[in-house]
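Which chain is which? The protein sequence lines are A, B, C and D, in order.
So the first sequence is numbered by my numbering: it starts at 41 and just counts up by one.
So the second sequence is numbered by my numbering: it starts at 41 and just counts up by one.
So the third sequence is numbered by my numbering: it starts at 41 and just counts up by one.
So the fourth sequence is numbered by my numbering: it starts at 41 and just counts up by one.
Protein chains: 4
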Amino acid sequence: MMRHEYRVPVRYYETDQMGIVHHSNYIRYFEIGRSEMMQDAGVPIEKMEEEGVMLPVVAVECRYKLSARMGDTLKIVSMIDKVPMAKMIIKSEIYNQRDELLVTGSVTLGFIDSVTRRPVRCPQALADAIAKRM
Amino acid sequence: MMRHEYRVPVRYYETDQMGIVHHSNYIRYFEIGRSEMMQDAGVPIEKMEEEGVMLPVVAVECRYKLSARMGDTLKIVSMIDKVPMAKMIIKSEIYNQRDELLVTGSVTLGFIDSVTRRPVRCPQALADAIAKRM
Amino acid sequence: MMRHEYRVPVRYYETDQMGIVHHSNYIRYFEIGRSEMMQDAGVPIEKMEEEGVMLPVVAVECRYKLSARMGDTLKIVSMIDKVPMAKMIIKSEIYNQRDELLVTGSVTLGFIDSVTRRPVRCPQALADAIAKRM
Amino acid sequence: MMRHEYRVPVRYYETDQMGIVHHSNYIRYFEIGRSEMMQDAGVPIEKMEEEGVMLPVVAVECRYKLSARMGDTLKIVSMIDKVPMAKMIIKSEIYNQRDELLVTGSVTLGFIDSVTRRPVRCPQALADAIAKRM
């Protein structure tokens, strides 16, 4: 399994009138986590786009257990279980600074050609970068 | 089944560099849909909060089939299958102006007391408003 | 003067933990207002982009007088005083449903060629559409 | 003058279909910058709120010179010229990793009592923290 951790502070603009982070922002935290993971693996998402492959999200799921608040620092854990072929599945967990599990989720990405917008296989550079870290 | 439709245009700030609506925004469209549904049913979410009950999201799932783009007008369909007790489950579908199905999803809400932040039952006014529309 | 009104309800995800609409969202309301104004004038922004001209924002200013809250419906007033040449200046005012002035602002847009990303003149179709409505 | 630097990577969800960071996000970067500055000065914004003072934004201005893109790391510089009394003015500059100036701006904050929502003076702890760093 490839596993990656990244920390981000809660931002004021991410809170809502319940006084907690708005639930939609965790989908963005997941993106931050996988984006940083890909960058650390040498295959940043913007590089892949430049090389003609885009990674649209095809499914998201998220379970909310505890809330995050202003002042919290979140630990985003991103995990990949198997080398992607047609799709890439990333599991995510988000913890606060007291190591309480706030949210679990998973995101499925596809691969499409930037020009034709048709599905393609996972680029070899990405598959290799992941395989090496399993 | 309670069913509600609401239309919103895509906003420029909702697009991303793939030239499509960023996937996180559909979670916000779901919120717009259920919020308008509740308002039309006479139980707006801000009224319920004033009366001491908040509705945090406890789970979200979303499947993305086709993309929305600037210039599109989206139809958000929100559906409730059964009168809520401890939780409220809302299924959502989002279509574009050509009636193509873009996204399906479901959101589960809990009910908590605003002061104690402890789980409570679905407020009677909300359960009644839904029951009446089933 | 060209003048345009458009109404939008406040969305839950736009609120913050002060219980009011987060200040950054008014910049987005300004965009909604001018986007709808341009669409009503027959020159939607996405059409201009397709024809090769993009309209990046070069300056924004905003003064906040009163807050908007969940449950409010906002009236976005967008105004253009003179036919654009190198730049387009749009003044904006946002009112709530009690016609209280919440925010005033102004946004300056430039015109650039989508390919070269160099400044160009205001497209004739846009200048004409505005001139006709002055 | 009190001066503070903070670095943030551009996030994918902050880009728009022009392929650059959407202009509204710089208002959020300003908030990140001043929030981190206040935290480093020992007076985090959420602490001030707990003690009964909220800091609503009363004015914002922003000039955009160059665009930020996915892959960029931004340096947010926040500056305070004088110890706040009724208002606090923070000047901001945002640079990319090549130290090119992208954006300049300024944000004016007021101070209000959380309960009465009426204007109050700048809390002494905040004025002292700033005075000490001038």
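Note that the Cβ used here is the ideal one computed from N, Cα and C, for glycine as well.
None of the values given here were measured: they were computed from a predicted structure.
Kindly indicate which three-state DSSP category residue i falls into: helix, strand or coil?
i, result
"D/ILE170", "helix"
"A/ALA165", "helix"
"A/SER118", "strand"
"C/GLY82", "coil"
"D/GLU101", "strand"
"D/ARG43", "strand"
Determine which residues share a DSSP beta bridge with residue i and list them.
i, result
"D/THR55", "D/VAL61"
"A/MET94", "A/ILE152"
"D/MET128", "D/LEU149"
"A/TYR135", "A/LYS115 and A/LEU141"
"A/VAL48", "A/LEU114"
Take residue i as the anchor and find which of the options has the nearest alpha-carbon.
i, options, result
"B/PRO159", "B/ARG74, B/LYS127 and B/ASP112", "B/LYS127"
"B/ILE170", "B/GLY82, B/TYR66, B/HIS63 and B/ASP139", "B/GLY82"
"C/ILE120", "C/GLN137, C/THR148, C/LEU114 and C/PRO96", "C/THR148"
"A/PHE70", "A/HIS44, A/ARG138 and A/GLN137", "A/HIS44"
"A/ILE129", "A/GLN137, A/CYS162 and A/VAL155", "A/CYS162"
"A/HIS62", "B/ILE67, B/ILE60, B/ARG138 and B/HIS63", "B/ILE67"
"C/SER118", "C/VAL143, C/ARG138, C/MET125 and C/MET94", "C/VAL143"
"D/TYR46", "D/SER75, D/ARG138 and D/GLN164", "D/SER75"
"B/PRO124", "B/CYS102, B/GLU140, B/SER64 and B/ASP168", "B/ASP168"
"A/GLN177", "A/LEU141, A/PHE151 and A/ARG138", "Shown here, chain A extends from 41 to 174; a query on residue 177 of chain A therefore has no answer."
"C/ILE72", "C/LYS122, C/ASP139, C/ILE134 and C/GLN57", "C/ILE134"
"C/VAL12", "D/GLU54, D/MET41, D/MET58 and D/MET42", "Summary: the structure shown does not reach residue 12 of chain C, with chain C confined to residues 41 through 174, and so no result is reported for it."
"B/VAL50", "B/ARG173, B/LEU114 and B/LYS131", "B/LEU114"
"C/MET42", "C/GLU54, C/ASP56, C/MET77 and C/ASP153", "C/MET77"
"C/ASN136", "C/LYS122, C/ASP153 and C/ILE116", "C/ILE116"
"D/CYS102", "D/LEU141, D/ASP153 and D/ASP80", "D/LEU141"
"B/MET94", "B/ARG173, B/LEU166, B/THR55 and B/ASP153", "B/ASP153"
"D/ASP112", "D/LEU166, D/PRO84 and D/ILE60", "D/ILE60"
"B/ARG157", "B/PRO84, B/SER64 and B/GLY92", "B/GLY92"
"C/PRO84", "B/SER132, B/ASP56 and B/TYR52", "B/TYR52"
"B/MET174", "B/ASN65, B/ASP80, B/LYS122 and B/GLU54", "B/LYS122"
Against chain E, does residue i count as a neighbour if the rule is that its beta carbon must be under 8 angstroms from one of theirs?
i, result
"A/PHE70", "Absent from the structure is chain E; the protein chains it does hold are A, B, C and D."
- Item | Residues, ordered as in the chain, of the segment 99-119 of chain B that lie near chain C by beta-carbon distance below 7 angstroms | Within the segment 99-119 of chain B, the residues whose Cβ lies closer than 7 angstroms to some Cβ of chain C are MET110 and GLY111, listed in chain order.
- Given 8 angstroms, three or more beta-carbon pairs between the segment 104-112 of chain B and the segment 107-123 of chain A: Touching, no, given that fewer than three Cβ pairs across the two stretches are closer than 8 angstroms.
- Listed in chain order, which residues of the segment 41-71 of chain A have Cβ atoms closer than 7 angstroms to some Cβ of chain C? From the segment 41-71 of chain A, only TYR52, TYR53, THR55, ASP56, GLN57, GLY59, HIS62 and SER64 have a Cβ closer than 7 angstroms to chain C.
- Hey, is the segment 84-91 of chain A in contact with the segment 84-94 of chain C, meaning 3+ C-beta pairs nearer than 8 angstroms? The count of Cβ pairs closer than 8 angstroms, one atom from the segment 84-91 of chain A and one from the segment 84-94 of chain C, stays below three, leaving the stretches out of contact.
- Just by C-beta distance, which residues in the segment 73-95 of chain D are closer than 7 angstroms to chain A? Against chain A - using a Cβ distance shorter than 7 angstroms - the residues of the segment 73-95 of chain D are SER75, PRO84, ILE85 and GLU86.
- Could you say if the segment 138-156 of chain C and the segment 96-103 of chain C meet the contact criterion of at least three C-beta pairs nearer than 8 angstroms? These segments touch.
- Using a beta-carbon distance cut-off of less than 8 angstroms, what residues from the segment 141-157 of chain C approach chain D? If the cut-off is 8 angstroms between Cβ atoms, the segment 141-157 of chain C has nothing near chain D.
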